[in-house]
Amino acid sequence: MRDKDSLEFSYFPGCSVVTTSWESNQSLLHACRSLGLNLKELEDWNCCGSSSAFAIDPELGFNLSARNLSLAEPDRPLLVMCPRCLHHLRETHQILRQDKLMRRAQERRWKRPISPDLEIIHFLEAVVKLGPQTWKRDGLEGLKVMPYYGCTLFRPPALRRERYYQGEVENVLAALGAVPVVKALTNRCCGSFLSAVRPGLVTQMVNEIIQSAVTAGAECLVTVCAMCQLNLEIRCTLEQKLPIFHFSEILALALEAKDYESWFARHLVDPRPLLIERGLLR
Amino acid sequence: MLNEAKLIITDKKDPLEQIWQIGTDSLFGPKIIEVDALDRDFAEEVERRSHAGLRRCYFCRSCGNGCPFVTAMDVPPYAVMRMVHYGLREEALSTRTIWICVNCHTCASQCPMAIDIAAMMNTLCHMALEERVPVPTPDILKFHLEVVRSIERHGRTHKLGIMLRLKLLTGEWFKDVDVGLKMLSKRKLDLRPSRIRALKEIHRLFLPYWRVVKP
Ligand code: SF4
Ligand code: SF4
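From first to last, the protein sequence lines are chains S and G.
Sequential numbering from 573 applies to the first sequence in this note's numbering.
Sequential numbering from -9 applies to the second sequence in this note's numbering.
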């Protein structure tokens, strides 16, 4: 598994991860350093198009995603942090792989080649490839965590022949000594952009998700998507709020990161009291 | 809250003048549809543009059960599907449902025929704009437009800029100020946008190609 080539990646952070969720980016970089994954940020990447471009002008969304693919080096897998970006980039790549003429048209447009064999993977997949089952760490001291996948990693129909992530977060958490709590709404959508335009509706949804975690006995949630993390934090109005970790944060913490103070200070629901109580932070 | 979609075919004397009655929702009430006014190529057109596989739908209505946002919609996803099948062009393009859909694919994961319902919704939104059908959720359209304008300006989205513009545009400055302030204090909203270098490459996507050629 640990041959040198498979550990070199181009890295596509996405708009949320570089701004709103800076802590997710920092912890990712830390976790990757500890795991020996070498990331090189995709040079001059642009927005993947997000839900908005794909809703009002799918062709624009497609072109925006295609530009990113034209920037990627063919022999480095492209590691993506945001599930929605991953979905758009993969779907666009799938179309370009199957349709040579469309691929050529995009190559002419950007004056750069687009490799039909480019591998596009999510950070979670890269971690899974390292075989976390064998880590046998007990750093997380039985912390009860609900893995929250959100909706987009749950096999979108256009990518049904691609990988399926269900259960992988649990495997990693268990390998790090945490107790995954799964009898909750692990795949319910967080509300996505409706959080900005229909806050009342999303509050209801987010409360249901977090209440399901509380009922199932979880002490915190861990998400693989920065937008989910934000929506779960800002839209929860329950009295008992649970801290919401980025997957990369929990991973970096278990891998003995030191600079967590600055990440956790950015959370709207401060996770530090919980971690201190469990003896995971000093 | 949601009634079952009912389809009643009422016979008139002349079979060519059959009238279909569709009651998709108690809010909607029964609706009389004239067969002659249907757009028979609509389903074909939506399928060609979306590749959703919508011909496979046999109207089991699982997608309405699964959608987490169905309470905010005027008709459930399967009703939009039926409207497309029947050729109810105007009706399908003017639903709230197509704009509320966030593409979460919950419906698709429950659809026994693996239809990409979200792809159909996106195509319908796009067609609604092309055909200037009034959008029943102007706030959602404004949001999408602001995001796309932000991409045009910077190559990336600038959240603070989008939020400020939305409040300015809707005249509801204080609606979400609490969350906005919390996000600002946690430095979750960058004051300055992150911008790509080759902005020209992005700008070209927003113009017809002949606008940028020089003789
Ligand atoms: S779940 Fe699929 S087959 Fe059933 S009504 Fe919805 S789109 Fe049609
Ligand atoms: S993709 Fe759209 S229609 Fe389907 S469940 Fe999600 S919001 Fe509902």
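Beta carbons: idealized from backbone N, C-alpha and C, even for Gly.
Keep in mind that this is a model prediction, so the values were computed, not measured.
S:Ser582 has S:Lys612 and S:Leu650 as its beta-bridge partners, per DSSP. DSSP, reduced to helix, strand and coil, places G:Ile141 within a helical segment of the structure shown.
For S:Gly749, the closest alpha carbon among the candidates S:Leu715, S:Pro719 and S:Ala798 is that of S:Leu715. For S:Val751, the secondary structure class from DSSP, reduced to helix, strand or coil, is strand.
Interface flag for S:Leu766 against chain G is set, since a Cβ pair is found closer than 8 angstroms. In this structure, S:Phe817 places its C-beta atom within 8 angstroms of the C-beta atom of S:Pro843. Excluding sequence positions up to five before and after S:Glu713, its CB lies within less than 7 angstroms of the CB of Gly749, Arg850, Gly851 and Leu852, all in the same chain and listed in chain order.
In this structure, G:Met103 places its C-beta atom within 8 angstroms of the C-beta atom of G:Cys47. Under the three-state reduction of DSSP, G:His148 is assigned to coil, being neither helix nor strand. For the region 622 to 653 of chain S, residues whose beta-carbon sits nearer than 8 angstroms to a beta-carbon of chain G comprise Ser622, Ser623, Ser624, Ala625, Phe626, Ala627, Ile628, Asp629, Pro630, Leu632, Asn635, Leu636 and Arg639.
In the DSSP assignment, the residues bridged to S:Val717 are S:Pro752 and S:Cys792. The beta carbon of G:Leu83 lies closer than 8 angstroms to those of Leu114, Met117, Ala118, Glu121 and Val123 in the same chain, with the five residues before and after it left out. For G:Arg45, the distance from the CB to the nearest heavy atom of ligand 1 is not below 7 angstroms.
For S:Met653, the closest C-alpha among the options S:Ala677, S:Val841 and S:Glu595 is that of S:Glu595.
Residues of the region 52 to 66 of chain G that bring their beta carbon within less than 8 angstroms of a beta carbon in chain S comprise Pro58, Phe59, Thr61 and Ala62, in sequence order.
Taking the CA atoms as reference points, S:Ile692 sits about 14 angstroms from S:Lys701. In chain order, Cys620, Gly621, His660, Leu661 and Thr664 place their CB closer than 6 angstroms to the CB of S:Ser637, counting only its own chain and leaving out the 5 sequence neighbours on each side.
A Cβ of chain G is located within less than 8 angstroms of the beta carbon of S:Trp682. By the neighbour-count criterion, in which 16 or more other beta carbons inside 10 Å mark a residue as buried, G:Val202 falls on the exposed side. At a cut-off of 8 angstroms between beta carbons, S:Asp842 makes no contact with chain G. Against chain G, the CB of S:Arg770 has a partner CB under 8 angstroms away; the residue lies at that interface. For the region 629 to 683 of chain S, the continuous beta strand (DSSP E) assignments of 3+ residues that do not extend past its boundaries occur at 650 to 652, in sequence order. Counting other Cβ atoms within 10 Å of its Cβ, S:Leu609 reaches 16 or more and is therefore classed as buried. Under the 8 angstroms criterion on CB atoms, S:Leu673 is classed as non-interfacial with respect to chain G.
For G:Leu195, the closest Cβ of chain S is nearer than 8 angstroms. Annotation for G:His193: the continuous alpha helix (DSSP H) segment containing it runs Leu189 to His193. In the DSSP assignment, the residues bridged to S:His694 are S:Val652. Around the CB of S:Lys708, fewer than 16 other CB atoms lie within 10 Å, so the residue is classed as exposed. At the C-beta level, S:Leu804 and S:Ile781 come within 8 angstroms of one another. Per DSSP, the continuous alpha helix (DSSP H) segment holding S:Phe836 begins and ends at Tyr832 to Phe836. Ranked by how close their Cα comes to the Cα of G:Arg139, the residues S:Ala785, S:Phe836 and S:Ser624 have S:Ser624 in first place. Within chain G, the residues placing a beta-carbon under 9 angstroms from that of S:Met777 are Pro58 and Phe59, ordered along the chain. Residues of the same chain with a CB within less than 6 angstroms of the CB of S:Ile822, apart from the 5 flanking positions on each side, are Val794 in chain order. Relative to ligand 2, the beta carbon of G:Pro126 is positioned no closer than 7 angstroms to any heavy atom. Look at G:Tyr48: its beta carbon is less than 7 angstroms from one of the heavy atoms in ligand 1. Of all C-beta pairs linking the region 29 to 45 of chain G to the region 56 to 63 of chain G, fewer than three are shorter than 8 angstroms, placing the two stretches out of contact.
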